[in-house]
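So in full-length UniProt numbering, spot 113 of the sequence shown is number 113, and the numbers just go up one at a time. Inspection log for the structure reproduced underneath, given as structure tokens.
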Amino acid sequence: TCRTRDEFLRVLEETPSLSIKTRKSKTALGIYLAKIRTGEADDRLCSIFHMTRQNVERLLNISRQCLNEDFVPIHLAKVESYGYVAIMPEIKTRTATQLTTMQGNKSRMCTICRWPVEVVNGRFKRDFRTFRHTYFNKSMLHMYEDFRIAAALTNAFHIPLFTPNHLAEYVEARSLNRHRIEFNNISGHLPHLPHFPVLTEDELILFSVGTYQLKLAASYYSEHIRGGDYIIEIYANNDDIPDLNNFDLPTTNIWLLRSRIRSRHSRSKTYFCYLLVDENLRGIESISRRTIGVCAHTVTVVWFLAYARHKDTIN
């Protein structure tokens, strides 16, 4: 079932109607979880659980119904209360050669957030093998209900796609954007630079979740170098950065960087990007505001310090 004993009992506890509708509630739930986890045919499940096909199908239907009534609302209702609605992307009609204007616009709404969509789809196919198969319409009678149950299980037990950005909270609490005296312009003689992680191009692609931000990083860098205003600053006293432990941030062998990147769209707007480098991990602890992927402003700094400055020429 891919569930621990405690998780299994929690699902059972949050599905009280299952114990009312069948005396074999644990067996019914186990069969259903095994079904969506392994994607095995009903005949195979009959052999595993030593039951007739009729009993297996009956328990599957009862479990599916009870989970949708009790368990699913607990773990999907909060998401749906924010106005999120699960829909399928638009597809071409049988005789069409391409999407209509309206269909194309609706499809674009999905591709804007394509990365998290693909990650979630990958989780479903990894953890619930029943969704790896190709089905005909007649065999998809319960697919939507099964998918909602799988989504509820994912919300209940899986690690979130994003994590809190403690560094952003620290910067806001300390109002560091307004502080100039606490930061010094970085220079080549500073002892911290040799300890900045050195990354390969492949590692940078993983770091930035694709190549798009890397291309923007090189463009940002060239624009700022030509203008002579590419500024990277380091906190003046990295041995004593106050209050880090109050924000769940490391406090030893760390140093704080800040960069100023001018907006591509407005000459009067400048963005501050903060990086906290943890030498104990030999890596970067927290980056900018986003925690899913990285913004191009931050990638510009990491690309230069971890990769480009070690090259003889920069393309």
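Even for Gly, the Cβ is constructed at its ideal location relative to N, Cα and C.
Each residue's CA atom was taken as its position, placing Asp248 and Ile159 some 19 Å apart. In the DSSP assignment, Tyr274 falls outside any alpha helix (DSSP H) and within the unbroken beta strand (DSSP E) covering 270-278.
The C-beta of Gly30 has 16 or more other C-beta atoms within 10 Å across all chains shown, which makes the residue buried. Separation of the CB atoms of Val72 and Ala152 is rounded to 5 Å, and the pair is thereby assigned contact status at 8 Å. DSSP places Ser263 in the coil class of the three-state scheme, outside both helix and strand. In this structure, Ser259 keeps its C-beta atom at 8 Å or more from the C-beta atom of Val299.
Annotation for Phe247: no alpha helix (DSSP H) segment contains it, and DSSP assigns it neither H nor E. The C-beta distance from Ile205 to Leu214 rounds to 7 Å, short enough to fall under 8 Å. Check the Cα spacing between Glu80 and each of Arg123, Ala96, Arg148: the tightest is with Arg148. Non-local beta-carbon contacts of Gly122 in its own chain, meaning distances under 8 Å to residues more than five positions away in sequence, are absent. For Val171, the CB contacts under 6 Å within the same chain, skipping 5 residues up- and downstream, are Tyr274 in chain order. Within its own chain, the residues whose Cβ lies closer than 8 Å to the Cβ of Ser263, once the five positions on either side in sequence are excluded, are Lys269, Thr270, Tyr271, listed in chain order. Of the other Cβ atoms in all chains shown, fewer than 16 fall within 10 Å of the Cβ of Lys78; this residue is therefore exposed. Between Ile231 and Asn185, the C-beta gap is smaller than 8 Å, which places the two residues in contact.
Membership of Phe196 in any beta strand (DSSP E) is not indicated, and neither H nor E is assigned to it by DSSP. Around the beta carbon of Asp240, fewer than 16 other beta carbons sit within 10 angstroms, so the residue counts as exposed.
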